[in-house]
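Trainee: Residue numbers (UniProt numbering), protein chains in the order written: chain A, 1 to 458; chain B, 1 to 458.
Protein chains: 2
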Amino acid sequence: MSYFDAASSAPLHPVARQALLASLDEGWADPARLYREGRKARLLLDAAREAAAEAVGCRPDELVFTGSGTRAVHSGIAGALAGRRRVGRHLIVSAVEHSSVLHSAEALVAEGGSSTEVPVDRTGAVSVAAYADSLRSDTALACLQSANHEVGTVQPVAEVAEACRAVGVPLLVDAAQSLGWGQVEGAWSLLTASAHKWGGPAGVGLLVVRKGVRFAAQGPVDERESGRAPGFENIPAVVAAAASLRAVRTEAAQEALRLRELTERIRARVPKLVPGVDVVGDPVRRLPGIVTFSCLYVDGETLLHELDRAGFSVSSGSSCTSSTLTPSHVLKAMGVLSEGNVRVSLPRGATEEDVERFLAVLPGAVAGVREKLGAQTPVTAVEEESLVVDALGKRCPIPVIELAKVIGDVPVGGTVKVLSDDEAARLDIPAWCEMRGQEYVGEERAPKGTAYLIRRAT
Amino acid sequence: MSYFDAASSAPLHPVARQALLASLDEGWADPARLYREGRKARLLLDAAREAAAEAVGCRPDELVFTGSGTRAVHSGIAGALAGRRRVGRHLIVSAVEHSSVLHSAEALVAEGGSSTEVPVDRTGAVSVAAYADSLRSDTALACLQSANHEVGTVQPVAEVAEACRAVGVPLLVDAAQSLGWGQVEGAWSLLTASAHKWGGPAGVGLLVVRKGVRFAAQGPVDERESGRAPGFENIPAVVAAAASLRAVRTEAAQEALRLRELTERIRARVPKLVPGVDVVGDPVRRLPGIVTFSCLYVDGETLLHELDRAGFSVSSGSSCTSSTLTPSHVLKAMGVLSEGNVRVSLPRGATEEDVERFLAVLPGAVAGVREKLGAQTPVTAVEEESLVVDALGKRCPIPVIELAKVIGDVPVGGTVKVLSDDEAARLDIPAWCEMRGQEYVGEERAPKGTAYLIRRAT
Numbered sequence: 001m002s003y004f005d006a007a008s009s010a011p012l013h014p015v016a017r018q019a020l021l022a023s024l025d026e027g028w029a030d031p032a033r034l035y036r037e038g039r040k041a042r043l044l045l046d047a048a049r050e051a052a053a054e055a056v057g058c059r060p061d062e063l064v065f066t067g068s069g070t071r072a073v074h075s076g077i078a079g080a081l082a083g084r085r086r087v088g089r090h091l092i093v094s095a096v097e098h099s100s101v102l103h104s105a106e107a108l109v110a111e112g113g114s115s116t117e118v119p120v121d122r123t124g125a126v127s128v129a130a131y132a133d134s135l136r137s138d139t140a141l142a143c144l145q146s147a148n149h150e151v152g153t154v155q156p157v158a159e160v161a162e163a164c165r166a167v168g169v170p171l172l173v174d175a176a177q178s179l180g181w182g183q184v185e186g187a188w189s190l191l192t193a194s195a196h197k198w199g200g201p202a203g204v205g206l207l208v209v210r211k212g213v214r215f216a217a218q219g220p221v222d223e224r225e226s227g228r229a230p231g232f233e234n235i236p237a238v239v240a241a242a243a244s245l246r247a248v249r250t251e252a253a254q255e256a257l258r259l260r261e262l263t264e265r266i267r268a269r270v271p272k273l274v275p276g277v278d279v280v281g282d283p284v285r286r287l288p289g290i291v292t293f294s295c296l297y298v299d300g301e302t303l304l305h306e307l308d309r310a311g312f313s314v315s316s317g318s319s320c321t322s323s324t325l326t327p328s329h330v331l332k333a334m335g336v337l338s339e340g341n342v343r344v345s346l347p348r349g350a351t352e353e354d355v356e357r358f359l360a361v362l363p364g365a366v367a368g369v370r371e372k373l374g375a376q377t378p379v380t381a382v383e384e385e386s387l388v389v390d391a392l393g394k395r396c397p398i399p400v401i402e403l404a405k406v407i408g409d410v411p412v413g414g415t416v417k418v419l420s421d422d423e424a425a426r427l428d429i430p431a432w433c434e435m436r437g438q439e440y441v442g443e444e445r446a447p448k449g450t451a452y453l454i455r456r457a458t
Numbered sequence: 001m002s003y004f005d006a007a008s009s010a011p012l013h014p015v016a017r018q019a020l021l022a023s024l025d026e027g028w029a030d031p032a033r034l035y036r037e038g039r040k041a042r043l044l045l046d047a048a049r050e051a052a053a054e055a056v057g058c059r060p061d062e063l064v065f066t067g068s069g070t071r072a073v074h075s076g077i078a079g080a081l082a083g084r085r086r087v088g089r090h091l092i093v094s095a096v097e098h099s100s101v102l103h104s105a106e107a108l109v110a111e112g113g114s115s116t117e118v119p120v121d122r123t124g125a126v127s128v129a130a131y132a133d134s135l136r137s138d139t140a141l142a143c144l145q146s147a148n149h150e151v152g153t154v155q156p157v158a159e160v161a162e163a164c165r166a167v168g169v170p171l172l173v174d175a176a177q178s179l180g181w182g183q184v185e186g187a188w189s190l191l192t193a194s195a196h197k198w199g200g201p202a203g204v205g206l207l208v209v210r211k212g213v214r215f216a217a218q219g220p221v222d223e224r225e226s227g228r229a230p231g232f233e234n235i236p237a238v239v240a241a242a243a244s245l246r247a248v249r250t251e252a253a254q255e256a257l258r259l260r261e262l263t264e265r266i267r268a269r270v271p272k273l274v275p276g277v278d279v280v281g282d283p284v285r286r287l288p289g290i291v292t293f294s295c296l297y298v299d300g301e302t303l304l305h306e307l308d309r310a311g312f313s314v315s316s317g318s319s320c321t322s323s324t325l326t327p328s329h330v331l332k333a334m335g336v337l338s339e340g341n342v343r344v345s346l347p348r349g350a351t352e353e354d355v356e357r358f359l360a361v362l363p364g365a366v367a368g369v370r371e372k373l374g375a376q377t378p379v380t381a382v383e384e385e386s387l388v389v390d391a392l393g394k395r396c397p398i399p400v401i402e403l404a405k406v407i408g409d410v411p412v413g414g415t416v417k418v419l420s421d422d423e424a425a426r427l428d429i430p431a432w433c434e435m436r437g438q439e440y441v442g443e444e445r446a447p448k449g450t451a452y453l454i455r456r457a458t
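1. Out of B:LEU403, B:ALA268, B:PRO60, B:GLY364, which one is the CA nearest neighbour of LYS211 of chain B?
2. Exposed or buried, GLN145 of chain A, counting other C-beta atoms within 10 Å across all chains shown (16 or more means buried)?
3. Using a Cβ-Cβ cut-off of less than 8 angstroms, list which residues of the segment 232-253 of chain A approach chain B; keep chain order.
4. Could you tell me which chain A residues have their CB closer than 8 angstroms to the CB of HIS196 of chain B, listed as they occur along the chain?
5. Using three-state DSSP, classify SER316 of chain A as helix, strand or coil.
6. What's the C-alpha gap between GLY374 of chain B and ILE401 of chain B?
7. In the DSSP assignment, the beta strand (DSSP E) including HIS90 of chain A goes from what residue to what residue?
8. Tell me the DSSP bridge mates of residue 461 of chain A?
9. Would you verify that the beta carbon of ARG33 of chain B is, or is not, closer than 8 angstroms to some beta carbon of chain A?
10. Check whether the segment 286-297 of chain A and the segment 343-354 of chain A touch, using three or more Cβ-Cβ pairs below 8 angstroms as the test.
11. Quick check on THR66 of chain A: does DSSP put it in helix, strand or coil?
12. Give the straight-line distance between the Cα atoms of LEU419 of chain B and LEU453 of chain B, rounded to the nearest whole angstrom.
13. Could you check what DSSP says for LYS448 of chain B in three-state terms: helix, strand or coil?
14. Which chain B residues sit within Cβ distance under 8 angstroms of residue 527 of chain A?
15. Using the beta-carbon of each residue, which ones in chain D are nearer than 9 angstroms to GLU37 of chain A?
16. Taking the alpha carbon of VAL406 of chain A as the reference point, which residue from A:VAL382, A:GLY393, A:ALA424 has its own alpha carbon closest?
17. Please look up how many angstroms separate the CB atoms of ALA52 of chain B and LEU245 of chain B, rounded, as I've assumed it's under 8 angstroms.
18. Could you check which residue in A:VAL388, A:VAL379, A:ARG357, A:ASP390 has the C-alpha nearest to that of MET1 of chain A?
19. GLU106 of chain B touches chain A at which residues, Cβ-Cβ below 8 angstroms?
20. Just tell me which of B:VAL410, B:VAL151, B:ARG456 has its CA closest to the CA of PRO430 of chain B.
21. Shortest alpha-carbon distance to VAL154 of chain B belongs to which of B:ILE77, B:ALA107, B:SER94?
22. With C-beta atoms as the reference, is PHE187 of chain B less than 8 angstroms away from ARG165 of chain B?
23. So that I know if they touch, is there some Cβ in chain A lying closer than 8 angstroms to that of THR70 of chain B?
24. With 8 angstroms set as the bound, which would you pick, yes or no: does the beta-carbon of SER100 of chain A sit closer than that to a beta-carbon of chain B?
25. Spell out whether any CB of chain B is found under 8 angstroms from the CB atom of ARG17 of chain A.
26. Determine the direct distance from the alpha carbon of ASP133 of chain A to that of VAL416 of chain A, and round the result to whole angstroms.
27. What residues match up with ILE454 of chain A in a beta bridge as DSSP calls it?
28. Can you grab the Cα-Cα spacing for the pair LEU190 of chain A / GLY57 of chain A, in whole Å?
29. Note the first and the last residue of the continuous alpha helix (DSSP H) segment covering ALA52 of chain A.
30. Would you please state the rounded distance, in angstroms, between the beta carbons of LEU141 of chain B and LEU91 of chain B? I believe it to be under 8 angstroms.
31. Under the three-state reduction of DSSP, which class applies to THR326 of chain B: helix, strand or coil?
32. Pick out whichever of B:VAL160, B:LEU108, B:THR116 has its Cα sitting closest to the Cα of ALA129 of chain B.
33. Express the C-alpha separation of GLY113 of chain B and MET334 of chain A in angstroms, rounding to a whole number.
34. Taking buried to mean at least 16 other C-beta atoms within 10 Å of its own C-beta, is VAL284 of chain B buried or exposed?
35. Could you check the C-alpha separation between PRO399 of chain A and GLU385 of chain A for me, to the nearest Å?
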């Protein structure tokens with residue numbers, strides 16, 4: 001098996017495993033106790049905090065360990081918002097943040113606060129100017145990921161941090177995807193991360209709050225971890241997290257080069273090997289190990305199953321692979337094709353052979369899925385000079401497949417109307433038009449679902 | 001070293017260690033993913049949930065894993081309160097709950113709700129009648145621990161649950177101290193526990209919400225663990241927690257008998273070996289492994305250091321050993337002596353030899369501390385027919401030591417007034433009077449600190 005989903009969770013790094021084992025016998029006691037076992041536990045915890053702080057580039061007393069990256073984000077945002085409640089209750093996030101950030105924003109809005117989602121361009125990056133424009137006098141906190149988890153695009157954190165600093169707004173950086181590769185540059189105020197993303201164990205998040213940043217931890221009081229992360233410290237896991245962060249950092253520069261070359265191969269060759277592919281994300285400003293592409297006329301879930309059967313574990317932002325039936329909010333915000341979406345995120349140590357085997361297997365897998373899906377004949381009618389395709393009740397990628405089948409049936413300048421009640425069509429029909437050089441006219445409400453109007457341009 | 005503080009954290013059970021190791025390689029992937037590694041992780045998680053649910057005596061879909069016992073309590077109380085917000089915002093807790101419960105109550109009060117603390121008797125138990133009396137028409141939730149963490153007293157959970165059920169109020173049981181020994185009986189509605197208390201790893205709590213109990217998880221939305229415990233699942237730890245719970249349960253009946261005999265020895269022999277000792281907690285309805293006593297004229301922190309040097313790790317509810325400078329809220333609620341407090345909580349496998357050695361070492365350790373503390377001469381004066389002892393600025397147990405020194409200087413029927421600004425004196429002076437057969441008259445505010453009035457009765 002080739003595991004190509006490191007952005008979801010990385011396999012445990014050997015150093016993490018070793019450190020975890022070594023500290024299981026020394027780190028189980030309560031570090032708040034004064035007896036021998038407690039003192040040993042405290043020493044381990046302090047050393048882990050120092051190592052993690054050094055890797056982050058902060059003071060040890062600015063860093064606490066939480067039970068997960070999600071907890072770090074939830075607690076960090078809630079505490080920073082509460083610390084600046086007098087300033088206002090406005091939060092800024094980018095449109096492509098991790099769900100833990102977006103759900104925190106929703107929670108704020110549900111409580112009467114407000115939030116602004118800064119849009120991204122087609123590569124998935126925010127513009128510094130747009131981010132700066134969203135800063136208001138009542139902005140309590142701004143959030144920006146260091147790099148995107150679905151497409152790998154690196155965000156202009158240092159520049160946005162500078163814009164925030166200029167108006168006195170703290171910036172929280174979700175560094176979950178990048179911390180294993182290096183420190184987050186710039187004058188950020190808060191930072192969060194998650195150990196299992198860099199090969200540490202599950203159950204450890206980092207929350208860093210710079211000295212001088214107003215912060216009021218929310219929820220019931222608890223004395224542990226400076227009052228910022230309630231509950232008994234998970235010291236063996238924390239030790240393993242810190243040790244593995246140090247280890248991956250030592251190898252980071254070299255491994256980044258190697259993985260970047262491998263993902264570059266995928267970026268360059270997939271469009272040549274597979275027709276109708278859109279490689280998404282910034283080609284240059286990106287994480288070393290992530291490459292994401294979408295395949296026209298392909299059902300993401302079926303493609304994932306095919307790849308799994310061929311021995312490849314990848315993930316997808318296609319709507320049909322999630323429980324929500326809507327495409328990934330990241331792809332949506334980027335305005336790119338979501339159907340047949342595949343994210344390859346290489347773990348450290350991924351081999352050239354595995355990548356080559358993936359490139360060998362992919363075309364057949366895509367072709368197989370397309371063949372299965374392409375058999376049906378679209379149901380069409382002519383209405384008000386448009387050819388109408390009734391794709392109601394059909395799920396992604398069928399509406400786009402049917403559109404592609406019938407576009408040749410109208411003359412250049414003629415229009416096709418696709419009726420669809422699948423949420424993915426809203427994203428995928430315009431994306432198809434862009435890829436195919438056709439003109440997307442717009443959408444309107446139909447008696448059932450939505451009517452998407454396309455004018456044949458070529 | 002003899003580790004006698006299992007109630008704080010138990011050493012990792014061999015089965016937990018073994019299960020953790022075995023699942024490190026299989027349980028690191030995201031159980032929400034459909035590929036092979038994800039499916040393996042999901043299988044492990046599901047199996048762990050089933051095993052834990054069986055041990056608790058609930059359905060698997062009623063149980064979620066949280067990042068700690070404290071998190072389980074915080075989330076359980078917040079969710080249950082929110083689920084019944086229409087009924088009211090009144091919470092009932094016993095006065096001797098774990099701090100995570102009491103802090104949740106404080107958080108509710110800070111947000112405009114109300115809470116009632118049900119008092120306990122001198123053994124640390126609530127009375128079912130008093131608990132039932134505290135139920136109101138606006139009571140959203142009631143909380144009661146299964147057994148006390150500081151003195152081991154078992155609470156009448158089944159009877160209180162019945163009283164709650166009769167009026168439709170859900171009861172949350174904090175079973176942190178008892179779950180390793182057996183299921184919690186009775187018609188409880190919610191239950192919380194913490195794996196490292198039974199020999200499982202840190203980083204795992206259990207939150208059980210019975211079907212039909214109104215529950216609205218608070219905080220930002222997260223899909224994992226039925227939306228009740230945000231963050232990436234820590235599967236190796238969860239597997240280890242479930243496996244070790246099963247393991248300790250298998251041994252529970254036999255080990256309980258053995259530990260009960262050992263703690264009974266301590267209960268019976270410490271008062272004979274050490275003068276001026278009060279063994280606290282219920283002598284019969286108690287956990288097998290916990291025994292707690294307080295020693296007159298002893299500074300708890302110094303005694304702990306002496307015992308640590310002699311190779312025994314115990315904890316204390318004395319004020320001087322905590323960062324808050326107030327005695328344990330449990331001892332305070334019981335109205336028992338807090339000075340020189342020692343909690344012995346035997347881990348599974350504690351040996352008779354270790355307990356005998358403890359009993360051999362303790363008298364000398366106590367005598368040594370008493371000798372160091374007893375040298376000073378009290379500063380006294382006579383004022384309004386009372387002998388006044390100025391113990392201002394002196395910390396526990398000095399005020400009581402000075403009281404004991406001067407009581408013989410007044411005739412029977414005469415009074416001593418102790419001036420003290422140490423919070424522990426409020427508990428320890430009345431407790432001393434009770435132990436010594438003297439009459440505690442009461443306290444009044446003094447220009448500095450508090451004046452405690454004692455009448456010599458014998």
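For glycine and all other residues, C-beta sits at the position ideal for the given N, C-alpha and C.
All values reported here derive from a predicted model rather than from experimental measurement.
Mentor: Reading from the atomic positions:
1. Nearest Cα to LYS211 of chain B within the set B:LEU403, B:ALA268, B:PRO60, B:GLY364: B:PRO60.
2. Taking all protein chains shown into account, GLN145 of chain A has 16 or more neighbouring C-beta atoms within 10 Å of its C-beta and is therefore buried.
3. Correct list: PHE232, GLU233, ASN234, ILE235, PRO236, ALA237.
4. Within chain A, the C-beta atoms nearer than 8 angstroms to that of HIS196 of chain B come from TRP28, PHE232, in chain order.
5. Residue state for SER316 of chain A is assigned as coil, using DSSP reduced to three classes.
6. Cα-Cα distance, rounded: 7 angstroms.
7. DSSP places HIS90 of chain A in the uninterrupted beta strand (DSSP E) bounded by 90-94.
8. In the structure as shown, chain A starts at 1 and stops at 458, and residue 461 of chain A therefore has no counterpart that could be examined.
9. Yes, its Cβ sits closer than 8 angstroms to a Cβ of chain A.
10. Cβ pair count under 8 angstroms is three or more, so yes.
11. Strand.
12. Roughly 9 angstroms separates the two Cα atoms.
13. The answer is coil: DSSP assigns LYS448 of chain B none of H, G, I, E or B.
14. Outside the displayed span of chain A (1 to 458) sits residue 527 of chain A, for which this structure offers no information.
15. In the structure shown, chain D does not exist; the protein chains are A and B.
16. The shortest Cα separation from VAL406 of chain A among A:VAL382, A:GLY393, A:ALA424 belongs to A:VAL382.
17. Yes, they are in contact, since the Cβ atoms of ALA52 of chain B and LEU245 of chain B sit about 6 angstroms apart, within 8 angstroms.
18. When only C-alpha atoms are compared, the closest one is A:ARG357.
19. Ordered by position in chain A, the residues that pass the 8 angstroms Cβ test against GLU106 of chain B are PRO220, VAL221.
20. For PRO430 of chain B, the closest C-alpha among the options B:VAL410, B:VAL151, B:ARG456 is that of B:ARG456.
21. It is B:SER94.
22. The sequence as given places Ala at residue 187 of chain B; Phe does not occur at that position. The answer is yes: Cβ separation under 8 angstroms.
23. Chain A, which has a Cβ nearer than 8 angstroms to the Cβ of THR70 of chain B, makes this yes.
24. Interface residue, yes.
25. It does: the Cβ of ARG17 of chain A has a partner Cβ on chain B nearer than 8 angstroms.
26. Approximately 39 angstroms, taken between the alpha carbons.
27. ILE454 of chain A is bridged to A:VAL416, A:TYR440.
28. Going from the Cα of LEU190 of chain A to the Cα of GLY57 of chain A covers about 12 angstroms.
29. 36-56 is the span of the alpha helix (DSSP H), which, as asked, contains ALA52 of chain A.
30. Indeed they touch by this definition, with Cβ atoms about 5 angstroms apart.
31. DSSP places THR326 of chain B in coil when its eight states are reduced to three.
32. The option with the nearest alpha carbon to ALA129 of chain B is B:VAL160.
33. Looking at the two C-alpha atoms, the distance is approximately 44 angstroms.
34. VAL284 of chain B is exposed by the Cβ-count criterion.
35. Roughly 20 angstroms between the two C-alpha positions.
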